[in-house]
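There are 2 protein chains.
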Amino acid sequence: MQRFLGRHAKRIDSKGRVSIPAPFRAILVADAFEGLFCVRSLFHPAVDAGGKALIDAIDTAIGGYDAFSPDHLDLATTLLGAGDTLTIDGEGRIVVPDWIRETTGIGDEIVFVGIGTRFQIWAPDVFTRREAEARGRALQLMGTRASSKMEPAP
Amino acid sequence: MQRFLGRHAKRIDSKGRVSIPAPFRAILVADAFEGLFCVRSLFHPAVDAGGKALIDAIDTAIGGYDAFSPDHLDLATTLLGAGDTLTIDGEGRIVVPDWIRETTGIGDEIVFVGIGTRFQIWAPDVFTRREAEARGRALQLMGTRASSKMEPAP
DNA sequence: AATCATCCCATGTTATCCCAAGGTATCCCG
DNA sequence: CGGGATACCTTGGGATAACATGGGATGATT
Numbered sequence: 001m002q003r004f005l006g007r008h009a010k011r012i013d014s015k016g017r018v019s020i021p022a023p024f025r026a027i028l029v030a031d032a033f034e035g036l037f038c039v040r041s042l043f044h045p046a047v048d049a050g051g052k053a054l055i056d057a058i059d060t061a062i063g064g065y066d067a068f069s070p071d072h073l074d075l076a077t078t079l080l081g082a083g084d085t086l087t088i089d090g091e092g093r094i095v096v097p098d099w100i101r102e103t104t105g106i107g108d109e110i111v112f113v114g115i116g117t118r119f120q121i122w123a124p125d126v127f128t129r130r131e132a133e134a135r136g137r138a139l140q141l142m143g144t145r146a147s148s149k150m151e152p153a154p
Numbered sequence: 155m156q157r158f159l160g161r162h163a164k165r166i167d168s169k170g171r172v173s174i175p176a177p178f179r180a181i182l183v184a185d186a187f188e189g190l191f192c193v194r195s196l197f198h199p200a201v202d203a204g205g206k207a208l209i210d211a212i213d214t215a216i217g218g219y220d221a222f223s224p225d226h227l228d229l230a231t232t233l234l235g236a237g238d239t240l241t242i243d244g245e246g247r248i249v250v251p252d253w254i255r256e257t258t259g260i261g262d263e264i265v266f267v268g269i270g271t272r273f274q275i276w277a278p279d280v281f282t283r284r285e286a287e288a289r290g291r292a293l294q295l296m297g298t299r300a301s302s303k304m305e306p307a308p
């Protein structure tokens with residue numbers, strides 16, 4: 001299975017459009033999924049986006065509960081109620097809706113970050129801070145004692 | 155399969171009419187279901203609405219009980235008997251009946267929230283509070299806690 | 001007869017589609 | 001290894017269609 005990888009910064013035009021990075025787009029069409037599924041990220045001021053794989057993950061999370069149970073409602077409200085399917089135009093662009101601008105703080109610049117089965121959408125400055133935090137936590141999780149003073153050569 | 159998702163705020167006109175969001179309408183017609191089935195939501199001051207998929211979900215929820223048992227009667231009375239099928243006019247609008255206004259507190263503004271097989275109808279301010287609650291509970295259900303205090307830039 | 005609900009038409013706004021062109025990376029060939 | 005041509009990616013603007021919304025006319029109901 002193909003994975004979303006890397007980071008891509010783009011500009012949003014005057015009509016609110018931005019092109020999805022070509023590598024990401026290639027994965028979406030391979031999934032045979034029209035459009036781009038987006039949902040507010042659970043832990044950060046960002047948006048999770050993807051295709052069929054992302055929807056399947058949400059279905060799995062929700063499917064374990066009875067349709068009229070409180071737990072089902074909480075999950076569906078958070079994962080589906082805060083979601084959206086954006087249409088992709090002939091040039092591979094989406095229009096960034098207002099709710100994405102509000103939850104992420106995106107103005108006219110945007111960053112796409114691949115995280116494997118899906119990718120995230122961030123405001124550039126917010127992501128810069130997030131990246132530093134993620135790196136610090138990743139180091140802890142990997143159990144590395146930052147062994148040494150290895151620095152790039154000056 | 156298509157699902158109801160996303161959040162759509164609309165205004166109710168002086169005659170009590172409001173247009174069903176176009177994405178939701180498209181799903182209803184794909185269902186080959188005329189009209190909009192509505193029923194008071196079980197746990198919240200909201201209304202559950204949908205087409206054939208909603209009725210099927212209710213059937214499934216009820217189906218686990220013997221057809222003549224008291225439990226079955228209670229559920230059927232609450233989920234089917236209390237329901238109302240609203241007619242949709244040529245422009246895709248419904249007329250919001252009084253019982254919906256009374257149970258939800260809706261005045262002249264309304265929010266449609268997609269939750270998969272059905273969608274909910276809320277008064278905007280009530281839903282704002284509900285959404286925060288649902289998100290908190292969803293985070294617990296997903297077994298994690300929000301680590302970061304990062305907020306979008308102003 | 002009056003009220004309410006449904007249907008029909010009209011309009012402003014928004015979003016979607018379509019066409020066109022500049023820039024950039026890639027590939028091929030010398 | 002270097003230069004050039006090609007194809008893809010990205011960006012821009014204008015035309016078109018869909019949507020949401022408002023008001024008026026018709027017919028049923030009480």
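Residue numbers (our numbering), protein chains in the order written: chain F, 1 to 154; chain L, 155 to 308. From the three backbone atoms N, C-alpha and C, an ideal C-beta is built for every residue, glycine too. It should be emphasised that the depicted structure is a prediction, and the values quoted were computed from it without experimental measurement.
Item, Value
"Within this structure, are the beta carbons of Ala123 of chain F and Ile106 of chain F separated by less than 7 Å?", "yes"
"Going by beta-carbon coordinates alone, are Phe187 of chain L and Gly205 of chain L separated by less than 7 Å?", "yes"
"With distances taken from CA atoms, which of F:Gly92, F:Thr78, F:Leu75, F:Tyr65 is nearest Ala26 of chain F?", "F:Gly92"
"Would you kindly report the start and end of the unbroken beta strand (DSSP E) that includes Gln2 of chain F?", "It is not in any beta strand (DSSP E) - Gln2 of chain F carries neither H nor E in the DSSP assignment."
"Would you please verify whether the beta carbon of Gly6 of chain F is less than 7 Å from any beta carbon of chain L?", "no"
"Would you mind listing the beta strand (DSSP E) stretches within the stretch 183-229 of chain L that are 3+ residues and don't spill past its ends, in chain order?", "190-194, 201-204"
"Quick one: give me the first and last residue of the beta strand (DSSP E) that Asp84 of chain F is part of.", "83-86"
"Cutting at 8 Å between CB atoms, please list the residues of its own chain near Ala230 of chain L, excluding the five before and the five after it.", "Ile216"
"Measure the C-alpha to C-alpha separation of Gly268 of chain L and Val183 of chain L and round it to an integer number of angstroms.", "16 Å"
"Is the shortest distance between the beta-carbon of Ala211 of chain L and the beta-carbons of chain F less than 7 Å?", "yes"
"List the residues of chain L that Asp66 of chain F touches, going by C-beta distances under 8 Å, in chain order.", "Ala215"
"Where do the ends of the alpha helix (DSSP H) carrying Arg291 of chain L lie?", "278-295"
"Which class does Glu102 of chain F belong to by DSSP, given the choice of helix, strand or coil?", "helix"
"Helix, strand or coil for Arg118 of chain F per DSSP?", "coil"
"Is there a Cβ of chain L sitting closer than 7 Å to that of Gly50 of chain F, yes or no?", "no"
"Are the Cβ atoms of Thr257 of chain L and Arg194 of chain L separated by less than 7 Å?", "yes"
"Can you list, in chain order, the residues of its chain whose CB lies under 7 Å from that of Ala134 of chain F, leaving out five sequence neighbours each side?", "none"
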